[in-house]
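Q: Sending over a structure as structure tokens; questions will come in a sec.
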Amino acid sequence: MLFEWLEQQEFDIAGFNEMNDWTEEEFKREMEKLGMPHTYLHLMKSSPYSIGIASKFPVKKVYATDAPPFHHGLLHVKIQQIHFLVTHLSPFESTIREKETAELARYIQSIQEPLMLMGDLNTLSPLDQEYYRKNHTKDRMVQRSFSKRQHIVDGEINFLPMQILLDAGLHDIGNGESLDYSLPTKIIKGELQEPIYVRIDYMLVNQAMLQLTPQSMIVRDESVNTISDHYPVLGHFQEKSHKE
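Its first residue numbered 2, the sequence shown is counted upward by one per residue in our numbering.
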């Protein structure tokens, strides 16, 4: 079902989280069928939840790690003069994600060319806090043990992991007037029968990338309701000039 949907979209580039049990050969073969023959799958010793990227254009690996503080690793590639960072931050305490985002903030400071960071950041954004306030999200999370563990510190939602990235110069290109939630989908599990709607999947860009007028949105329709427990993030940006 996932690959049928991907085939219909005709993407130029696609980033992936939780590529459990995939091999590099399988990933490349399946992506070739979708018109994205250039791939990199980051297989990690520390986590079975591999991350990867596929593209119509050549992919140059710059860096890949699964060393602490990253829970599910970091993959950095360069495609058509644009830096793409794919990551999947810790699903546990937000204080762990503070360490991950602090390292991301440090890492990106040396990159002056256009850059996009994307993935499941498992993190709530301060840009969405008005929605969470109106919908009593904090109060509902406090009543649920895992949500409380994930997002609550000293009785409040911990927005610091995302704030660290915003303070580092990244821009949220999917922030709008209302919450564009990415979780949950129609795959119902346990306490999700009374879901708490959150946005934890993002595309963030640096100042140089803003010149390409990037935008992102969460895709929520019948075709993706049951392919994952997260909705996919769709991004658009202008083609970069190759005169440099």
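Glycine is no exception: its CB is placed at the ideal position from the N, C-alpha and C atoms.
When the Cα atoms are used, what is the spatial distance from residue 224 to residue 234?
A: Cα-Cα distance, rounded: 14 Å.
Q: How many angstroms separate the CA atom of residue 138 from the CA atom of residue 91?
A: The alpha-carbon atoms of residue 138 and residue 91 are separated by roughly 20 Å.
Q: Which residues does DSSP list as the beta-bridge partners of residue 121?
A: Residue 121 pairs with 89, 202.
Q: Quick check on the burial criterion: 16 or more other C-beta atoms within 10 angstroms. Buried or exposed for residue 195?
A: Flag for residue 195 reads exposed.
Q: Taking the alpha-carbon positions, what's the residue 81 to residue 53 distance?
A: Approximately 17 Å between the Cα atoms of the pair.
Q: Assuming residue 84 contacts residue 114 (C-beta within less than 8 Å), just tell me the rounded distance between them.
A: Contact holds; Cβ gap of about 6 Å.
Q: Give the C-beta separation of residue 102 and residue 165 to the nearest angstrom, bearing in mind that I take them to be a contact with Cβ-Cβ under 8 Å.
A: Confirmed, Cβ separation roughly 4 Å.
Q: Per DSSP, what kind of secondary structure is residue 173 in: helix, strand or coil?
A: Residue state, collapsed to three classes: strand.
Q: Since residue 157 sits in a beta bridge, which residues does DSSP pair it with?
A: Answer is 154, bridged to residue 157.
Q: Does residue 232 come out as helix, strand or coil in the three-state DSSP assignment?
A: In the structure shown, residue 232 sits in coil (DSSP, three-state: anything other than H, G, I, E or B).
Q: If you draw a straight line from the alpha carbon of residue 18 to that of residue 56, how long is it in whole angstroms?
A: Cα-Cα distance, rounded: 15 Å.
Q: Assuming residue 133 and residue 122 form a contact by the criterion Cβ under 8 Å, report the distance between their Cβ atoms to the nearest whole angstrom.
A: Not quite, the Cβ-Cβ distance comes to about 16 Å (not below 8 Å), so this is no contact.
Q: To the nearest angstrom, how far is it from the Cα of residue 34 to the Cα of residue 79?
A: When rounded, the distance between both Cα atoms is 22 Å.
Q: What are the residues that DSSP puts in a beta bridge with residue 78?
A: Residue 78 pairs with 62, 85.
Q: Report the rounded CA-to-CA distance for residue 159 versus residue 153, giving the unit in angstroms.
A: Between residue 159 and residue 153, the C-alpha separation is close to 6 Å.
Q: Which same chain residues end up closer than 6 Å to residue 176 when comparing Cβ atoms and leaving out the 5 residues on each side of it in sequence?
A: Cβ within range, chain order: 128.
Q: Mind checking residue 237: buried by the 16 CB within 10 Å criterion, or exposed?
A: Exposed: under 16 other Cβ atoms inside 10 Å.
Q: Taking all protein chains shown into account, do 16 or more other C-beta atoms lie within 10 angstroms of the C-beta of residue 150, making it buried, or fewer, making it exposed?
A: Exposed: under 16 other Cβ atoms inside 10 Å.
Q: Are the beta-carbon atoms of residue 75 and residue 87 separated by less than 9 Å?
A: A contact, by the Cβ cut-off of 9 Å.
Q: Run through DSSP, which three-state label would residue 116 get?
A: If DSSP states are grouped into helix, strand and coil, residue 116 belongs with the strands.
Q: Taking the DSSP output, what are the residues bridged to residue 218?
A: 235.
Q: Using the beta-carbon count (16 or more within 10 Å), is residue 15 buried or exposed?
A: So residue 15 ends up on the buried side.
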